[in-house]
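Here the protein sequences come in this chain order: U and H.
Take the first sequence: its letters are residues 1091 to 1491, numbered as in this note's numbering.
Take the second sequence: its letters are residues 18 to 452, numbered as in this note's numbering.
The C-beta atom is built at its ideal place from N, Cα and C for all residues, glycine as well.
Computed from a predicted structure; not experimentally measured.
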Amino acid sequence: MEIRPILASLRKHRIPALLIMLEIALACAVLCNAVFMIGQRVTDIHLPNAIDEDGISVVTVNGADPKLAGSDIPRNLAALRGIAGVTAVAAVTSMPLDQNPALSPFTATPDAKSTVNTSVYFIGSGGEQALGLHLLEGRYFNADEYADSGLQDFHSTGHVALVTQSDAHRLWPGQSALGKTLYTNATGWTVVGVVADMLAQDPKFNRAEGRYSSVFFPLHPDAMMGDYVVRSAQRDRERVVRDAAQVLDKLQPGAVVEGKTYAGMRDEYFATTNSMVWMLVLVCVVMLAVTAFGIVGLTSFWVGQRRRQIGIRRAVGATRGHIMQYFQTENFLLSTAGVVMGMAMAFGINLYLMRHYEMMRMPWYYLPGSAVALWVVGQLAVFGPARRAAAVPPVVATRSA
Amino acid sequence: MFGYYLDLALRSLRRNKVLTTLMILALALGIGASITTLTVLTLLSGDPLPQKSSQLFYPQVDPYPKDRPFSRSGEKVPWLLSYVDAMNLIHAHKAERQAAVALSQVKLTPQVQGEKSFYADGVLTTADFFPMFDTPFQYGAGWTAADDESRAQVAVIAGFVNDKLFGGANSVGRMIRIEDHDFRIIGVLGRWAPQPRFYALHLGGRNYGKGEAVFLPLQGARAADVMPSMMMSYGPSSDMQHLETSQSIWLGLWVQLPGAADVSAYKLFLGNYAQQQVALGRFQQSRVALSDLMSWLRDQQVVPDDVRLQAGLAFGFLLICVVNTVGLLLAKCLRRSREIGVRRALGASRGAIFAQFLVEAGVIGLAGGVLGLLFVLLGLWGIRHQPAPYASLALLDVQMFVFTFVVALVASLIAGLLPAWRACVVAPAPQLKAA
Chain U
1091 MEIRPILASL RKHRIPALLI MLEIALACAV LCNAVFMIGQ RVTDIHLPNA
1141 IDEDGISVVT VNGADPKLAG SDIPRNLAAL RGIAGVTAVA AVTSMPLDQN
1191 PALSPFTATP DAKSTVNTSV YFIGSGGEQA LGLHLLEGRY FNADEYADSG
1241 LQDFHSTGHV ALVTQSDAHR LWPGQSALGK TLYTNATGWT VVGVVADMLA
1291 QDPKFNRAEG RYSSVFFPLH PDAMMGDYVV RSAQRDRERV VRDAAQVLDK
1341 LQPGAVVEGK TYAGMRDEYF ATTNSMVWML VLVCVVMLAV TAFGIVGLTS
1391 FWVGQRRRQI GIRRAVGATR GHIMQYFQTE NFLLSTAGVV MGMAMAFGIN
1441 LYLMRHYEMM RMPWYYLPGS AVALWVVGQL AVFGPARRAA AVPPVVATRS
1491 A
Chain H
18 MFGYYLDLAL RSLRRNKVLT TLMILALALG IGASITTLTV LTLLSGDPLP
68 QKSSQLFYPQ VDPYPKDRPF SRSGEKVPWL LSYVDAMNLI HAHKAERQAA
118 VALSQVKLTP QVQGEKSFYA DGVLTTADFF PMFDTPFQYG AGWTAADDES
168 RAQVAVIAGF VNDKLFGGAN SVGRMIRIED HDFRIIGVLG RWAPQPRFYA
218 LHLGGRNYGK GEAVFLPLQG ARAADVMPSM MMSYGPSSDM QHLETSQSIW
268 LGLWVQLPGA ADVSAYKLFL GNYAQQQVAL GRFQQSRVAL SDLMSWLRDQ
318 QVVPDDVRLQ AGLAFGFLLI CVVNTVGLLL AKCLRRSREI GVRRALGASR
368 GAIFAQFLVE AGVIGLAGGV LGLLFVLLGL WGIRHQPAPY ASLALLDVQM
418 FVFTFVVALV ASLIAGLLPA WRACVVAPAP QLKAA
């Protein structure tokens, strides 16, 4: 396909050509950034979490008499174990994604500084089975450690801790974390095991570096344990959570009891993220549609204006395919110019967003990605008008305009 | 003349229905998206107490050790105060009014047999909270500074709690059970829910949404072991049982300073206070901050990032829609070169042609505005059904209603400028010759 005549003709229609280019450039710039934002949020929504998310339900008991916790909690756990289909239960102080963060900085040496906020989880006896943690190294807590460990001012009075894989790498790079001492100020705990990464209580607050920074301490029955983790098969969980909430409601009449499946908790945590994703998708789709219709409108106008020239070309031997190709190539050239401008704009917008919002650098492949998308949109949009142009009969050339 | 142009515009728009629909629809979508997000943005960045906000200030001091600063960069002054500092500042009485604030989730137990307990948002504060923030009272009034000091177990409850627990009757003097302690109701608030909830920032609650259910005197509530939702410790002695003496920050302080002289005097006082604490060895740094309400909200970026991003995106989209409309209008007007040639030959001036095409663009703008308004209502309806805490606030006000049409008209007139200019520079002679 000869490009020169197309360029010559575009030079005669400079303003409409510039408008199409500008529209494509703007669409490309917005699309790149919007798709990048969608991608980031979808990644967040699907962040892996090494617990049995499908089988866990959580029943929260708030406002029970703290003085009775020592006897209430074992009684409640025994009652929960009696529910059909329940495979493990435990009491814990908080759950990943429960938006109730208990954070503390931990370090590998005493009195060092840390900029990472680590989520602190105190788990009761059997907590590892109830949560479905994945042990990678070492061991879980033993019965003595559970029995001896208390909680004072947010710190464990015990001597042992479990850390996540991420924290093990961060605190002791290149070494095994087992047997090392984990510090907050001058207080230390021995790391007895490393578990796969479990999410923080509020990963949005903790940001990327603290997302998987979690420490587990054993805890004997204590008033701070408000969450009962109930594990069952996935198909039983709806019934199990209902029954569990009823059982605890009856056992703790003065307290406020609420049961949720863990899947429900996760959905709730990411609900705003999810709705932002859908809103971004909607904007992208509508924007591409508007751009496409703009191209259809302008190209149709061009076709109408050039009916006579098309007729002449057809009369002197151009096939329908040639005419189609002419408009398609023209659109391709305009899109290319627009997309190049758009990629530069997209990059600029990304830099602006990085400075003023919590945005990361856009990986390079988003640029060619949206370029391809706009080429496709352009070609789809031009197809109809180009076909109408190809249908212009050669006889038009002989009529006066 | 205008009537004639209007007639011409309508004729021209009717001639090419598909193109007209396309232009109006694109413009309406752009307007819909941008006004919807702008409505949310203005609601969220609004002034919570317009009549009072310029007099309200938020003092901050820094009790953190130098080598373990509050923020990573070491630049931020801690958001909250320790109990000791809050009480020292309140008891100094250097401002017209002053109130310390903490939030708490409190258990309310109805006194009716068989009714379940429930959790509600509570505020722990001091006496000046009510007069300083101009809270409206349905019944009774707030407590006094003497009640604060005597750790009185009294409560002010919100209207909706009064409706729920007492059927809306005057409940002043009756008892309410909060966190398994009895509090005597001394006041019932009317509707009071400033947005954003400026007093709740960094205290562990939502920044938007409905108001609190109960208000308790700070000392009285602490005597009943009510715990604040948020506390951050800055030193090793962070005893949770004795929050009042622990090295932890958990209170926000608001002061009312009516004039510029009061503000500079308070700044001086605050600076001196911090230096005095350094001399006493309680602080290592004498950094302080005093922000007025609106700059406090701005500096803490209370408007969620997502909302600002959405607004930016929507205006980008509006720009695309305007460019699109420019292109389509231009195509339409170039197609009518001959008609313009005839009109010019018959004596129409360039200005007349320009005006004619601008009127046509304006008609598209108005139509786009009307349709856009429908999209705005639809968009706001969608936002009201989102899970965000500010969802229920998303309503169109008169200002935005008018603004929708202003934006639509301005956008369409801008879009019409280039085509109208191209139309009015058409040379009549060649157009007539070709015909």
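{"Check": "Can you name the residues of chain H whose CB is closer than 8 Å to the CB of Y1447(U)?", "Outcome": "D322, R325 and L326"}
{"Check": "To the nearest angstrom, how far is the alpha carbon of F1437(U) from that of G1459(U)?", "Outcome": "13 Å"}
{"Check": "With V1346(U) and Y136(H) assumed to form a contact (beta carbons below 8 Å), what rounded beta-carbon distance in angstroms separates them?", "Outcome": "6 Å"}
{"Check": "So, does the CB of A1237(U) fall closer than 8 Å to a CB anywhere in chain H?", "Outcome": "no"}
{"Check": "Report yes or no: do three or more beta-carbon pairs, one from the segment 173 to 187 of chain H and one from the segment 198 to 216 of chain H, lie closer than 8 Å?", "Outcome": "yes"}
{"Check": "According to the neighbour-count rule (16 or more other Cβ atoms, all chains shown, within 10 Å of its Cβ), is F1196(U) buried or exposed?", "Outcome": "buried"}
{"Check": "Let me check one thing: in DSSP terms, what residues is S1304(U) bridge-paired to?", "Outcome": "S1209(U)"}
{"Check": "Give me the Cβ distance between L218(H) and L141(H), rounded to the nearest whole Å; I'm assuming they're in contact under 8 Å.", "Outcome": "That belief does not hold up - the Cβ atoms of L218(H) and L141(H) are roughly 15 Å apart, past 8 Å."}
{"Check": "How would you call A348(H), buried or exposed, if buried means at least 16 neighbouring beta carbons within 10 angstroms?", "Outcome": "buried"}
{"Check": "For a contact defined as C-beta to C-beta under 7 Å, what are the partners of I1093(U) on chain H?", "Outcome": "Going along chain H, no residue has its Cβ under 7 Å from I1093(U), so there is no contact; the nearest lies around 23 Å."}
{"Check": "Using alpha carbons as the reference points, say which of M1449(U), Y1359(U) and G1175(U) lies closest to S1322(U).", "Outcome": "G1175(U)"}
{"Check": "At 9 Å on the CB atoms, spell out the chain H contacts of P1106(U), in chain order.", "Outcome": "G344, L347, A348 and L351"}
{"Check": "Can you name the residues of chain U whose CB is closer than 8 Å to the CB of Y136(H)?", "Outcome": "N1152, G1153 and V1346"}
{"Check": "What span of residues does the beta strand (DSSP E) with M192(H) cover, start to end?", "Outcome": "M192 to I195"}
{"Check": "Within the 8 Å Cβ cut-off, does A1427(U) reach chain H?", "Outcome": "no"}
{"Check": "Going by other Cβ atoms of all chains shown within 10 Å of its Cβ, with 16 needed for buried, is G1474(U) buried or exposed?", "Outcome": "exposed"}
{"Check": "What does Q1127(U) reach in chain H if we use C-beta pairs closer than 8 Å?", "Outcome": "Going by the sequence as given, residue 1127(U) is Met instead of Gln. Result: L326."}
{"Check": "Decide if A1491(U) is buried, meaning its Cβ has at least 16 other Cβ atoms within 10 Å, or exposed.", "Outcome": "At A1491(U) the pLDDT is 48, less than 50, meaning the model places this residue with poor confidence; the figure from the coordinates comes in the next sentence. Exposed, because fewer than 16 other Cβ atoms sit within 10 Å of the Cβ of A1491(U)."}
{"Check": "Does any C-beta atom of chain H lie closer than 8 Å to the C-beta of L1116(U)?", "Outcome": "yes"}
{"Check": "Counting only the same chain and skipping the five closest in sequence on each side, list residues whose C-beta sits under 6 Å from that of R1229(U).", "Outcome": "V1282 and G1283"}
{"Check": "Distance cutoff 8 Å, beta carbons only. Does F341(H) sit that close to anything in chain U?", "Outcome": "A quick correction: the sequence has Asn, not Phe, at residue 341(H). At least one chain U Cβ lies under 8 Å of N341(H)."}
{"Check": "What alpha helix (DSSP H) runs, 4 residues minimum, are completely inside the segment 147 to 215 of chain H?", "Outcome": "162 to 166 and 176 to 183"}
{"Check": "Let me know if R1403(U) comes out buried or exposed under the rule of 16 or more other beta-carbons within 10 Å of its beta-carbon.", "Outcome": "buried"}
{"Check": "Check distances from the C-beta atoms of the segment 245 to 258 of chain H to those of chain U and list, in chain order, the residues that come in under 7 Å.", "Outcome": "P253, S255, D256 and M257"}
{"Check": "Could you tell me the distance, in whole angstroms, from the CA atom of F1306(U) to the CA atom of L1252(U)?", "Outcome": "5 Å"}
{"Check": "Which residues in chain U have a C-beta closer than 8 Å to the C-beta of R191(H)? List them in chain order.", "Outcome": "Ordered by position in chain U, no residue passes the 8 Å Cβ test against R191(H), which lies about 21 Å from the chain."}
{"Check": "Using DSSP with H/G/I as helix, E/B as strand and the rest coil, what is N1152(U)?", "Outcome": "strand"}
{"Check": "With 8 Å as the threshold, decide whether the Cβ of P404(H) is near any Cβ in chain U.", "Outcome": "yes"}
{"Check": "Going along the chain, which residues of the segment 1296 to 1308 of chain U sit with their C-beta nearer than 8 Å to a C-beta in chain H?", "Outcome": "none"}
{"Check": "If you reduce the DSSP assignment to three classes, tell me which class A452(H) lands in.", "Outcome": "Note that A452(H) scores a pLDDT of 49, beneath 50, so its modelled location is shaky; the value from the coordinates is reported in the next line. In the structure shown, A452(H) sits in coil (DSSP, three-state: anything other than H, G, I, E or B)."}
{"Check": "Is F491(H) close to chain U, meaning its C-beta is less than 8 Å from at least one C-beta of that chain?", "Outcome": "No answer is possible for residue 491(H): it lies beyond the span of chain H, which begins at 18 and ends at 452."}
{"Check": "Identify which residue in L23(H), V231(H), A50(H) and K34(H) has its Cα closest to the Cα of V1375(U).", "Outcome": "A50(H)"}
{"Check": "Where does A452(H) land, buried or exposed, given buried means 16+ other C-beta within 10 angstroms?", "Outcome": "For A452(H), the predicted structure reports a pLDDT of 49, less than 50, and the residue's modelled location is therefore unreliable. A value from the coordinates is still provided. Per the 10 Å Cβ criterion, exposed."}
{"Check": "Should C441(H) be flagged as near chain U, meaning a C-beta pair shorter than 8 Å?", "Outcome": "no"}
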